[in-house]
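*Asks:* Last residue of the sequence shown: number 449 in this note's numbering, and the count goes up by one each step with no gaps.
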Amino acid sequence: MTAVNLTKVPEYLRQQRWFGGKAWPIKSVSVVDHASVDIPGRAFLIAIVEVLYELGHPERYQLPVEPAGADTDEVKDALEDDDCLRALFQIVRDQRTLPSGSGRIVGEWLAFPDALPPLPDPITVRRLNVEQSNTSVVFAERVILKVLRKLEAGINPEYEVGRFLATKTKFRATPTLIGALQLDGPAGATLSVVHQFVPNAEDGWKYTLDVFKRHGAPPAAFLAEMRDLGTRLGELHSALASDPNDPAFAPEEIHHEDLDRWSASIIGELGVTLADASKQFPELEKKRDALVEVAKGLARTRPGGQKIRVHGDLHLGQTLRSKGEWLIFDFEGEPSRSFAQRREKYSPLKDVAGMLRSFDYAAASVELQGGEPADRVTPARQAFLEGYRKATRGAKFLPERDEDFMTRLAAFELEKLLYEVRYELQNRPDWVRIPVRALLRMEVPK
């Protein structure tokens with residue numbers, strides 16, 4: 004069964020919020036692999052389609068669809084059917100293998116001492132409406148299945164990091180990965196991941212926004228929470244750096260060449276970013292030399308510390324508060340980067356910088372919505388850094404000298420700021436003033 008009406012797929016894709024190619028004319032669509040999944044009385048298709056654009060690189064997407072028939076030739080999303088969703092989950096849970104057109108689909112279930120209790124029959128299904136780039140479904144309020152829509156060949160970082168944390172470390176301050184659906188073959192990719200579901204968890208971004216809206220000066224209880232969050236990130240980095248025998252995770256020394264390369268990359272990004280942003284904010288040109296010095300400072304620090312696997316896209320929206328504890332989740336990395344780039348080892352201060360920038364975004368968002376201007380950010384930053392530095396004291400993956408720590412951190416904050424400016428110019432022009440103001444405030448560390 005390969006019945007997918009390809010003439011209908013381009014229009015179907017353009018209507019999906021998870022489709023990333025809306026801005027480009029589609030030249031053609033083809034099915035590069037497929038597998039049939041039987042459910043009582045019928046079947047549906049997992050189709051891997053390749054989208055070729057008039058310009059740019061082709062992309063691959065996963066389309067679980069019901070077959071076109073005599074009554075309709077429209078593309079119908081199988082994930083709108085609860086039975087189809089249950090079938091996908093059972094492939095993972097039962098570790099089944101299905102033949103595909105050019106390979107096979109394999110369900111993987113990780114066994115743990117604290118394995119899930121038996122699930123009800125039938126398993127209840129609840130779709131989440133918060134995803135933009137994937138489709139997430141909660142089963143029995145105990146597990147969450149994320150169906151990955153845009154696919155990339157190679158090892159998926161979210162799966163890889165989740166599996167490492169679950170099987171090789173004691174770090175449990177994250178929704179535990181418990182399974183995956185893999186496509187083996189020429190079009191091989193991770194199709195889905197399954198994690199334990201954390202009920203009644205509070206989103207870290209919403210929590211921080213709420214506190215900042217109610218308080219000009221963050222209260223002591225909130226600052227204690229930020230110290231705990233810093234501690235949690237330090238524990239995560241320690242876990243990610245804990246296995247010297249796994250080539251994908253073994254820490255590597257930071258040398259002069261690394262510092263020079265990172266510094267040069269940030270200076271290059273600065274030039275590209277200011278070329279666009281200065282048209283709207285000419286005052287940025289006066290800041291150029293000072294920002295270049297921030298980036299150059301990275302190359303002037305003493306070699307030392309380690310490159311490790313990092314979260315790669317850390318901000319308050321990637322954290323949860325549950326039962327008084329902080330959880331960190333979503334290890335996909337920056338969506339704009341390739342899997343190979345996301346899997347590169349980097350300074351852990353990249354994650355620290357991402358979280359510090361998130362505090363600034365939260366405070367600026369409150370003020371843009373009419374909140375009282377106040378310095379909400381400095382106390383939150385200080386508390387978070389206190390927790391992080393206490394948890395990582397003596398860690399080999401950080402520079403020994405405080406001045407090197409702060410100089411590198413400033414450079415990675417600049418790197419994140421430049422990314423934010425480019426993102427906002429392209430996607431949310433009304434928000435670009437937030438990172439621009441931060442650039443104008445930035446000073447060379449002393």
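A virtual CB, placed ideally from N, CA and C, is assigned to each residue, including glycine.
Alpha carbon to alpha carbon, how far is Leu16 from Phe22?
*Replies:* Going from the Cα of Leu16 to the Cα of Phe22 covers about 6 Å.
*Asks:* Please report how far the alpha carbon of His259 lies from the alpha carbon of Leu212, in whole angstroms.
*Replies:* Rounded to whole angstroms, His259 to Leu212 spans 40 Å at the Cα level.
*Asks:* Would you mind working out which of Thr410, Lys209, Trp112, Leu48 sits nearest Ser266, comparing C-alpha positions?
*Replies:* Cα-wise, what sits closest to Ser266 is Thr410.
*Asks:* Just tell me which of Thr100, Leu401, Pro125, Tyr56 has its CA closest to the CA of Thr304.
*Replies:* Nearest option by C-alpha distance: Leu401.
*Asks:* Along the beta strand (DSSP E) that carries Val487, what are the first and last residues, could you check?
*Replies:* The question about residue 487 has no answer, for the chain in this structure spans 4 to 449.
*Asks:* Can you tell me where the beta strand (DSSP E) holding Pro67 begins and where it ends?
*Replies:* Taken as a continuous stretch (DSSP letters only), the beta strand (DSSP E) holding Pro67 covers 62-69.
*Asks:* On a CA-only basis, which of Thr10, Lys310, Asp363, Leu262 is nearest Ala253? Give me that one, please.
*Replies:* Out of Thr10, Lys310, Asp363, Leu262, Lys310 has the C-alpha closest to the C-alpha of Ala253.
*Asks:* Buried or exposed, going by whether 16 or more other CB atoms sit within 10 Å of the CB of Thr227?
*Replies:* The residue asked about is misnamed: residue 227 is Ala in this sequence, not Thr. Exposed is the call here.
*Asks:* Leaving out five residues on either side along the sequence, give the residues of the same chain with a beta carbon under 7 Å from the beta carbon of Val297.
*Replies:* The answer, listed in chain order, is Ala413, Ala414, Leu417, Met445, Val447.
*Asks:* Taking a contact to mean a Cβ-Cβ separation below 9 Å, would you say Leu388 touches Val355 in this structure?
*Replies:* Cβ atoms of Leu388 and Val355: closer than 9 Å.
*Asks:* Would you check if the distance between the CB atom of Val313 and the CB atom of Leu262 is smaller than 9 Å?
*Replies:* No, they are not a contact pair.
*Asks:* With a threshold of 7 Å on Cβ separation, who are the neighbours of Lys11 within its own chain once the five nearest residues in sequence on each side are excluded?
*Replies:* Asp76, Glu77, Val78.
*Asks:* Would you mind working out which of Ala398, Ala220, Val275 sits nearest Ser350, comparing C-alpha positions?
*Replies:* Looking at the Cα atoms, Ala398 is the closest of the given residues.
*Asks:* So, under 8 Å CB-CB, Ile51 and Leu186 are touching, yes? Tell me the CB distance rounded to an integer number of Å.
*Replies:* About 7 Å; that satisfies the 8 Å criterion.
*Asks:* For Phe142, name the three-state secondary structure that DSSP assigns.
*Replies:* Strand, per DSSP.
*Asks:* Give the DSSP-derived three-state secondary structure of His314 in the structure shown.
*Replies:* DSSP places His314 in coil when its eight states are reduced to three.
*Asks:* The beta strand (DSSP E) with Arg152 in it runs from where to where?
*Replies:* That residue, Arg152, is in no beta strand (DSSP E); it is neither H nor E in DSSP.
*Asks:* Run through the stretch 261-326 for me and flag every whole alpha helix (DSSP H) of 4 or more residues, listed as ranges in chain order.
*Replies:* Listed in chain order, they are 291-303.
*Asks:* Pull up the CB-CB distance for Ile181 and Val197, whole angstroms please, since I reckon it's below 8 Å.
*Replies:* Their Cβ separation, rounded to whole angstroms, is 5 Å, which keeps Ile181 and Val197 in contact under 8 Å.
*Asks:* State whether the stretch 216-230 contacts the stretch 380-394, with contact taken as three or more CB pairs (one from each stretch) at a distance under 8 Å.
*Replies:* With the cut-off at 8 Å, the stretch 216-230 and the stretch 380-394 touch.
*Asks:* For the alpha helix (DSSP H) that contains Val369, what are its first and last residues?
*Replies:* Val369 -> alpha helix (DSSP H) spans 352-371.
*Asks:* If you follow the alpha helix (DSSP H) that Phe167 is part of, which residue opens it and which one closes it?
*Replies:* Start and end: 160-171.
*Asks:* Let me make sure I understand the geometry here. Which of Phe174, Glu255, Lys209, Lys299 has the alpha-carbon closest to that of Ser3?
*Replies:* In the structure as shown, the chain begins at 4 and stops at 449. Residue 3 is therefore absent and cannot be evaluated.
*Asks:* For Arg166, would you say it is in contact with chain B, using Cβ-to-Cβ distances shorter than 9 Å as the test?
*Replies:* No chain B appears in the structure shown, which is made up of a single protein chain.
*Asks:* Excluding the 5 residues preceding and the 5 following Tyr210 in the sequence, name in chain order all residues of the same chain whose CB lies nearer than 7 Å to its CB.
*Replies:* The residues are Arg324.
*Asks:* Round the Cβ separation of Asp3 and Ile42 to the nearest angstrom and send it over; I've been treating them as touching at under 8 Å.
*Replies:* Lying outside 4 to 449, the shown extent of the chain, residue 3 is not represented and no answer is given.
*Asks:* Using a Cβ-Cβ cut-off of 8 Å (strictly less than) and excluding sequence neighbours within five positions of Asn203, which residues of its own chain qualify?
*Replies:* Within the same chain, Asn203 has close Cβ partners Ser325.
*Asks:* How would you label Trp329, buried or exposed, when you count the other beta carbons within 10 angstroms and need 16 or more for buried?
*Replies:* Buried: at least 16 other Cβ atoms inside 10 Å.
*Asks:* Provide the residue span of the beta strand (DSSP E) that contains Asp36, from first to last.
*Replies:* 29-42 is the span of the beta strand (DSSP E), which, as asked, contains Asp36.
*Asks:* For Val128, which beta-bridge partners are listed by DSSP?
*Replies:* Per DSSP, Phe142.
*Asks:* Roughly how many angstroms lie between the CA atoms of Leu301 and Ala156, to the nearest whole one?
*Replies:* Going from the Cα of Leu301 to the Cα of Ala156 covers about 33 Å.
*Asks:* At what residues does the beta strand (DSSP E) containing Gly219 begin and finish?
*Replies:* Taken as a continuous stretch (DSSP letters only), Gly219 belongs to no beta strand (DSSP E), as it is neither H nor E.
*Asks:* Which residue comes first and which comes last in the alpha helix (DSSP H) that contains Ile94?
*Replies:* Where Ile94 is concerned, the enclosing alpha helix (DSSP H) stretches over 85-96.
*Asks:* When you compare only the Cα positions, how much space is there between Lys449 and Asp407?
*Replies:* When rounded, the distance between both Cα atoms is 10 Å.
*Asks:* Just mark His451 as buried or exposed, buried being the case when its beta carbon has 16 or more other beta carbons within 10 Å.
*Replies:* Residue numbering for the chain in the displayed model covers 4 to 449; residue 451 lies beyond these limits and cannot be assessed.
*Asks:* Would you say Leu154 and Gln65 are within 9 Å of each other, going by their C-beta atoms?
*Replies:* Taking 9 Å as the Cβ cut-off, Leu154 and Gln65 qualify as a contacting pair.
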